[in-house]
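Since the structure comes first, as C-alpha coordinates, the remarks are kept for the end.
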Amino acid sequence: MKIDEAAKITGITKRAIRYYEEISLIQPPERSDGQVRLYTDEDIKQLKRVVDAKEVLGFSLQELQHFLSIKERVLEHKDQYESTKDTTIQQSELEEIAVGLKEQEKMLQHKMEKMKSFQGELKDLIQKVDSLLNL
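Residue numbers (full-length UniProt numbering): 1 to 135.
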(Lines of atoms letter the chains of each structure in order from A; the text may use other names.)
(Lines give C-alpha, C1' and ligand atoms only; values in the text may rest on other atoms or scores of the structure.)
Protein backbone atom coordinates (compact mmCIF):
# COMPACT_ATOMS: atom_id res chain seq x y z
CA MET A 1 0.00 0.00 0.00
CA LYS A 2 1.10 3.57 -0.59
CA ILE A 3 2.04 6.07 2.10
CA ASP A 4 -1.41 7.74 2.03
CA GLU A 5 -3.10 4.50 3.04
CA ALA A 6 -0.41 3.69 5.62
CA ALA A 7 -0.93 7.13 7.17
CA LYS A 8 -4.70 6.65 7.26
CA ILE A 9 -4.46 3.19 8.86
CA THR A 10 -1.92 4.19 11.50
CA GLY A 11 -3.11 7.72 12.23
CA ILE A 12 0.39 9.04 11.56
CA THR A 13 1.09 11.84 9.10
CA LYS A 14 2.97 11.06 5.92
CA ARG A 15 5.68 13.44 7.10
CA ALA A 16 6.06 11.54 10.39
CA ILE A 17 6.26 8.20 8.55
CA ARG A 18 9.05 9.55 6.35
CA TYR A 19 10.81 10.96 9.42
CA TYR A 20 10.58 7.63 11.28
CA GLU A 21 12.17 6.00 8.26
CA GLU A 22 14.89 8.69 8.13
CA ILE A 23 15.86 8.16 11.79
CA SER A 24 15.64 4.36 11.45
CA LEU A 25 12.64 3.78 13.72
CA ILE A 26 11.21 1.76 10.85
CA GLN A 27 12.91 -0.07 8.02
CA PRO A 28 12.72 1.61 4.63
CA PRO A 29 9.81 0.07 2.73
CA GLU A 30 10.08 -1.47 -0.69
CA ARG A 31 9.67 0.94 -3.57
CA SER A 32 7.89 0.68 -6.88
CA ASP A 33 9.63 1.22 -10.20
CA GLY A 34 8.61 4.87 -9.87
CA GLN A 35 10.24 5.02 -6.39
CA VAL A 36 6.87 5.20 -4.58
CA ARG A 37 7.06 3.77 -1.07
CA LEU A 38 5.08 0.53 -0.78
CA TYR A 39 4.17 -0.55 2.75
CA THR A 40 3.47 -4.14 3.77
CA ASP A 41 1.31 -5.36 6.64
CA GLU A 42 4.54 -5.87 8.62
CA ASP A 43 5.51 -2.23 7.99
CA ILE A 44 2.10 -1.15 9.29
CA LYS A 45 2.56 -3.29 12.42
CA GLN A 46 5.93 -1.64 13.04
CA LEU A 47 4.42 1.83 12.62
CA LYS A 48 1.65 0.93 15.08
CA ARG A 49 4.27 -0.28 17.60
CA VAL A 50 6.01 3.08 17.33
CA VAL A 51 2.71 4.88 17.90
CA ASP A 52 1.91 2.68 20.90
CA ALA A 53 5.35 3.17 22.41
CA LYS A 54 5.05 6.93 22.02
CA GLU A 55 1.42 7.41 23.02
CA VAL A 56 0.73 4.62 25.48
CA LEU A 57 4.14 4.23 27.09
CA GLY A 58 5.28 7.82 26.69
CA PHE A 59 8.59 6.91 25.03
CA SER A 60 10.46 9.70 23.28
CA LEU A 61 11.81 9.09 19.81
CA GLN A 62 15.32 9.00 21.29
CA GLU A 63 14.26 6.31 23.79
CA LEU A 64 12.71 4.31 20.95
CA GLN A 65 15.88 4.60 18.89
CA HIS A 66 17.93 3.40 21.85
CA PHE A 67 15.60 0.45 22.44
CA LEU A 68 15.64 -0.53 18.77
CA SER A 69 19.43 -0.36 18.61
CA ILE A 70 19.69 -2.65 21.65
CA LYS A 71 17.15 -5.02 20.13
CA GLU A 72 19.09 -5.10 16.86
CA ARG A 73 22.34 -5.86 18.68
CA VAL A 74 20.69 -8.71 20.62
CA LEU A 75 19.34 -10.23 17.42
CA GLU A 76 22.74 -9.92 15.73
CA HIS A 77 24.38 -11.77 18.63
CA LYS A 78 21.67 -14.43 18.56
CA ASP A 79 22.17 -14.97 14.83
CA GLN A 80 25.94 -15.06 15.26
CA TYR A 81 25.66 -17.59 18.09
CA GLU A 82 23.26 -19.79 16.13
CA SER A 83 25.58 -19.86 13.12
CA THR A 84 28.79 -20.55 15.10
CA LYS A 85 27.61 -22.01 18.45
CA ASP A 86 30.44 -19.95 19.96
CA THR A 87 29.52 -18.98 23.53
CA THR A 88 32.44 -16.54 23.86
CA ILE A 89 31.00 -14.08 21.33
CA GLN A 90 31.63 -10.57 22.56
CA GLN A 91 30.95 -11.21 26.26
CA SER A 92 31.66 -7.58 27.13
CA GLU A 93 29.19 -6.29 24.53
CA LEU A 94 26.51 -8.68 25.78
CA GLU A 95 27.08 -7.39 29.31
CA GLU A 96 26.71 -3.83 28.00
CA ILE A 97 23.47 -4.82 26.26
CA ALA A 98 22.19 -6.39 29.49
CA VAL A 99 22.86 -3.13 31.33
CA GLY A 100 21.00 -1.18 28.64
CA LEU A 101 18.03 -3.52 28.79
CA LYS A 102 17.87 -3.26 32.58
CA GLU A 103 17.91 0.54 32.30
CA GLN A 104 15.06 0.40 29.78
CA GLU A 105 13.08 -1.88 32.08
CA LYS A 106 13.62 0.48 35.04
CA MET A 107 12.51 3.45 32.96
CA LEU A 108 9.38 1.59 31.89
CA GLN A 109 8.65 0.57 35.49
CA HIS A 110 9.02 4.19 36.61
CA LYS A 111 6.61 5.37 33.89
CA MET A 112 4.11 2.67 34.87
CA GLU A 113 4.26 3.80 38.49
CA LYS A 114 3.58 7.38 37.42
CA MET A 115 0.66 6.21 35.30
CA LYS A 116 -0.80 4.24 38.22
CA SER A 117 -0.47 7.28 40.47
CA PHE A 118 -2.24 9.43 37.90
CA GLN A 119 -4.93 6.78 37.52
CA GLY A 120 -5.48 6.87 41.28
CA GLU A 121 -5.93 10.64 41.16
CA LEU A 122 -8.43 10.28 38.32
CA LYS A 123 -10.42 7.67 40.26
CA ASP A 124 -10.52 9.97 43.29
CA LEU A 125 -11.79 12.84 41.14
CA ILE A 126 -14.42 10.60 39.57
CA GLN A 127 -15.65 9.57 43.02
CA LYS A 128 -15.83 13.20 44.13
CA VAL A 129 -17.79 14.20 41.04
CA ASP A 130 -20.10 11.18 41.45
CA SER A 131 -20.77 12.09 45.09
CA LEU A 132 -21.54 15.69 44.08
CA LEU A 133 -23.94 14.45 41.41
CA ASN A 134 -25.73 12.27 43.98
CA LEU A 135 -26.36 15.11 46.44
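Don't be surprised by glycine CBs; every beta carbon is placed ideally from N, CA and C.
Because the structure is a prediction, the values reported are computed rather than measured.
Linking LEU61 to LYS54 through their CA atoms gives a straight-line distance of about 7 Å. With 16 or more other Cβ atoms from the protein chains shown falling within 10 Å of its own Cβ, PRO29 counts as buried. LYS48 and THR10 do touch by the CB rule: their CB atoms are close to 6 Å apart, below 8 Å. Within the segment 36–106, no complete beta strand (DSSP E) segment of 3 residues or longer occurs. Rounded to the nearest whole angstrom, the C-alpha separation of LYS45 and HIS66 is 19 Å. Per DSSP, ILE17 is one residue of the alpha helix (DSSP H) stretching across 14–22. Pairing LEU25 with SER32 gives a Cβ-Cβ distance that is not under 8 Å. LEU68 sits away from LYS111, with the two beta carbons spaced by 8 Å or more.
Between VAL74 and the set GLN27, GLN91, ILE97, the nearest pair of CA atoms involves ILE97. Around the beta carbon of LEU133, a 10 Å sphere encloses fewer than 16 other beta carbons of the protein chains shown; the residue is thus reported as exposed. Counting along the chain, no alpha helix (DSSP H) covers ASP33, and no H or E run does either.
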